[in-house]
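One structure is given below, encoded as structure tokens.
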Amino acid sequence: MENTEQHLFADKEYQLVQASAGKRFANYIIDLVGFYALLFVVGIVIGLLNPPALESFNEESGDYNIGQSLLFVLIFILYISGMEAIFKGKTLGKLMTGTRAVNEDGSNLLVGTAFLRGLCRAIPFEAFSALGTPSYPWHDKLSKSYVIDEKESNRPGI
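FYI, in this note's numbering the residues of the sequence shown are 98 to 255.
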């Protein structure tokens with residue numbers, strides 16, 4: 098017996114349009130503000146539940162604390178990666194600008210890819226790799242993904 102099953106989208110050609118550098122920058126700023134808002138709320142909760150726990154974050158000492166910096170970087174990686182993994186390539190910034198991170202073939206990000214994208218953001222000076230048009234920063238190149246403009250792109254699931 099011959100298989101006559103056809104896919105509904107078999108004859109459809111997909112076009113993925115990369116998000117502009119301006120939208121990518123807006124994503125970064127919005128996500129950074131969201132991250133600091135989350136840290137503020139967590140700090141308030143910790144302060145209410147266990148006030149002495151916040152003493153190590155006191156800036157009056159004037160000493161640079163590399164441990165705190167590494168902790169903030171780790172939390173930011175988990176924040177961005179978690180959002181992209183859970184919300185299929187979306188973060189707060191991407192939601193507001195109508196963009197989405199996808200694999201190079203246009204498929205949704207897997208958890209590992211989302212985590213790699215977040216981890217690559219910890220590379221020193223990585224933010225400078227996003228300068229230029231089109232914007233193709235290291236966290237896109239190394240994870241074989243990029244950010245698309247959903248309004249200008251057409252793919253299943255958008």
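Where is the CB? At the ideal position from N, CA and C, for every residue including glycine.
{"query": "Looking at the structure shown, is isoleucine 245 part of a helix, part of a strand, or coil, going by DSSP?", "result": "strand"}
{"query": "Report the CB separation of leucine 247 from arginine 197 in whole angstroms; it is logged as a contact under 8 Å.", "result": "Correcting the residue identity first, residue 247 is glutamate in this sequence and not leucine. Rounded, the Cβ-Cβ distance is 6 Å, consistent with contact."}
{"query": "Exposed or buried, which one is valine 244 when buried takes at least 16 other CB atoms within 10 Å?", "result": "buried"}
{"query": "Could you pull the start and end residues of the beta strand (DSSP E) that valine 199 belongs to?", "result": "196 to 200"}
{"query": "Alpha carbons only, please: which of Gly209, Lys187 and Gly203 is nearest the one belonging to glutamate 110?", "result": "Gly203"}
{"query": "How should leucine 151 be labelled, buried or exposed, when 16 other C-beta atoms within 10 angstroms of its C-beta is the threshold for buried?", "result": "exposed"}
{"query": "Under the rule that 16 or more other beta-carbon atoms within 10 Å means buried, what is lysine 191, buried or exposed?", "result": "buried"}
{"query": "Can you round the beta-carbon distance between serine 242 and asparagine 205 to whole angstroms, since I take them to be within the 8 Å contact cut?", "result": "Not quite, the Cβ-Cβ distance comes to about 10 Å (not below 8 Å), so this is no contact."}
{"query": "Taking 8 Å as the threshold (C-beta atoms), are isoleucine 127 and leucine 175 in contact?", "result": "no"}
{"query": "Taking the continuous alpha helix (DSSP H) assigned at phenylalanine 132, which residues delimit it?", "result": "118 to 146"}
{"query": "Could you check where the alpha helix (DSSP H) with threonine 210 kicks off and where it finishes?", "result": "208 to 217"}
{"query": "Where histidine 236 and isoleucine 172 are concerned, what is the direct C-alpha to C-alpha distance, given to the nearest angstrom?", "result": "17 Å"}
{"query": "Assign serine 232 to buried or exposed, taking buried as 16 or more other Cβ atoms, counted over all protein chains shown, within 10 Å of its Cβ.", "result": "buried"}
{"query": "So, does the CB of histidine 236 fall closer than 8 Å to a CB anywhere in chain C?", "result": "No chain C appears in the structure shown, which is made up of a single protein chain."}
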